[in-house]
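Asker: Okay, here's the structure, questions in a sec.
Numbering (our numbering), first residue to last: 795 to 1205.
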């Protein structure tokens, strides 16, 4: 089939890779000048199936209200005169029940672990390089309350069969010796030894090159102006420069998917949740993390990506506001410097912001839409890098009419 993929982030490129490998004639249409330049560009770097789960959880509405009044809170809700924001928030709150949380987390965990296995297989088959590390992920706790939360999380991981270890402060420092230099309080940790790290942007660009070598066409600097449909079928994808006729279309446009699909009568509850990251060159490798540390206190993930240090965190519900407030950036930098003093010259850090395409409940939309030949691979939120390969494989099977590899009965 002739398939047009809209979007060249990690989700779109992974979709194009697996569809091309399945024998389709694939064209990727991207608004930017290259692959992986939006949400995939500067994310934390963690490939963390063990942490995959919804933000909508019991107790989160109360925390969200409390954090509104804290300048450096990990989640900031900036109320706007925006019906989409309020509708999304109402759905988010509705998903904060114990039952919905459990169902959503189980769904996300299954895709995430399948995706991690798919990524490892792809890496072994292609030799793709993207500054990856396989040293696991270590979640660290600053208070007794956080440590108790870690014990509850461990019980959930037990039920899901996820390998993990609860650690004392002394054991945490043995795994990450650089934390010995930190003055930050430490009450314990939770290690996920099979999780990984890697540069999502480097991966996306490298996979795009590999897909192009196999015959996939990439069209950059081509914002999509419309998806043309007739009689419940998509006929073409329109750009200012060219019209792309297709037997099937895949929308992998991240947080912009909703605007693209609305003229077709498809209203996706996807909202852009802004996050920030800093990146700097490591100057003292003994003072830097060996792999990846998730700081539960600040909700900041800190990863070693080759010779660079990447830290990412904060979640702001403020639409597509591009502002980068000093309070958010300074809070991010100061927390990393507190945990890993001397690892880098943090004054020279570069900063980035991106928009996570979040659904209210957590699980992404993967599969057929109300149109027979229009498929979705959107709404992965903060788990896009973790879920990319698995979601792309699931989508490829659905387009081919084969069974869902996870045995799900969704569209």
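Just so it is clear, CB atoms sit at the ideal spot from N, CA and C, and this is done for glycine as well. Every value quoted in this text rests on a predicted model; they were computed, and no experiment measured them.
Would you mind working out which of 817, 868, 857 sits nearest residue 1088, comparing C-alpha positions?
Answerer: The shortest Cα separation from residue 1088 among 817, 868, 857 belongs to 868.
Asker: Suppose the cutoff is 6 Å on Cβ atoms and the five residues either side in sequence are ignored; what does the same chain contact list for residue 820 look like?
Answerer: Counting only Cβ-Cβ distances below 6 Å, and skipping sequence neighbours, we find 797, 810, 813, 814, 1010.
Asker: From 816, 818, 795, 831, pick the residue whose C-alpha is nearest to that of residue 802; which is it?
Answerer: Selected option, being the one with the closest Cα: 831.
Asker: Using 10 angstroms around the beta-carbon of residue 974, count the other beta-carbons present and answer buried if the total reaches 16, otherwise exposed.
Answerer: So residue 974 counts as exposed.
Asker: Hey, quick one: how far does the alpha helix (DSSP H) through residue 1062 stretch, first residue to last?
Answerer: Careful: residue 1062 lies outside any alpha helix (DSSP H) and carries neither H nor E.
Asker: Is the CB-CB distance between residue 1038 and residue 924 below 8 Å?
Answerer: No, these two residues do not count as a Cβ contact at 8 Å.
Asker: Determine the burial state of residue 1047: buried for a count of at least 16 other Cβ atoms within 10 Å of its Cβ, exposed for fewer.
Answerer: It counts as buried.
Asker: What are the partner residues of residue 1151, as DSSP defines its beta bridges?
Answerer: Residue 1151 is bridged to 1066.
Asker: Please state whether DSSP places residue 805 in a helix, a strand or coil.
Answerer: Helix, per DSSP.
Asker: Under a Cβ-count criterion, where at least 16 other Cβ atoms within 10 Å of its own Cβ denotes burial, should residue 1138 be classed as buried or exposed?
Answerer: By the neighbour-count rule (16 or more Cβ atoms within 10 Å), residue 1138 is buried.
Asker: Per DSSP, which one or two residues make a beta bridge with residue 1096?
Answerer: Its beta-bridge partners are 1087, 1105.
Asker: Would you mind sorting residue 1157 into buried or exposed? The rule is 16 or more other CB atoms within 10 Å of its CB.
Answerer: Buried: at least 16 other Cβ atoms inside 10 Å.
Asker: Quick check for students: name the residue ranges of the alpha helix (DSSP H) that lie wholly in the region 914–972, counting only runs of 4 or more.
Answerer: Counting only runs of 4 or more, we get 938–954, 963–969.
Asker: For residue 1022, which three-state DSSP category applies?
Answerer: Looking at residue 1022 - three-state DSSP - the assignment turns out to be strand.
Asker: Nearest-angstrom Cα distance between residue 1170 and residue 1058?
Answerer: Answer to the nearest angstrom: the Cα atoms are 13 Å apart.
Asker: In the DSSP output, what is residue 1074 paired with across the bridge?
Answerer: The partner list for residue 1074 (beta bridge, DSSP) reads 1103.
Asker: What are the start and end residues of each continuous beta strand (DSSP E) run of 3 or more residues lying completely inside the region 986–1065, in chain order?
Answerer: Fully enclosed beta strand (DSSP E) runs of 3 or longer: 1011–1013, 1018–1024, 1027–1033, 1037–1039, 1042–1045.
Asker: Given this structure, state the Cα-to-Cα distance separating residue 777 from residue 1020, to the nearest angstrom.
Answerer: Here the chain comprises residues numbered 795 to 1205, so residue 777 is not present and cannot be evaluated.
Asker: With a cut-off of 8 Å on the beta carbons, I'd call residue 987 and residue 930 a contact; round off their distance for me.
Answerer: At roughly 4 Å, the Cβ-Cβ gap stays under 8 Å, so residue 987 and residue 930 are in contact.
Asker: Residues in the same chain with beta-carbon distance under 6 Å from residue 1168, minus the five sequence neighbours each way, listed in chain order, please.
Answerer: Taken in chain order, the residues that qualify are 1028, 1043.
Asker: Do residue 833 and residue 1184 count as a contact pair if the criterion is CB distance below 8 Å?
Answerer: Contact flag unset, no.
Asker: Do the region 1117–1126 and the region 963–982 touch if we need at least three Cβ pairs shorter than 8 Å?
Answerer: No, the region 1117–1126 is not in contact with the region 963–982.
Asker: Are the region 1099–1117 and the region 1073–1081 touching by the rule of at least three beta carbon pairs closer than 8 Å?
Answerer: Touching, yes, given that three or more Cβ pairs across the two stretches are closer than 8 Å.
Asker: Among the candidates 1054, 1049, 1109, whose CA atom is the shortest distance from the CA of residue 1070?
Answerer: Of 1054, 1049, 1109, the residue nearest in Cα terms is 1109.
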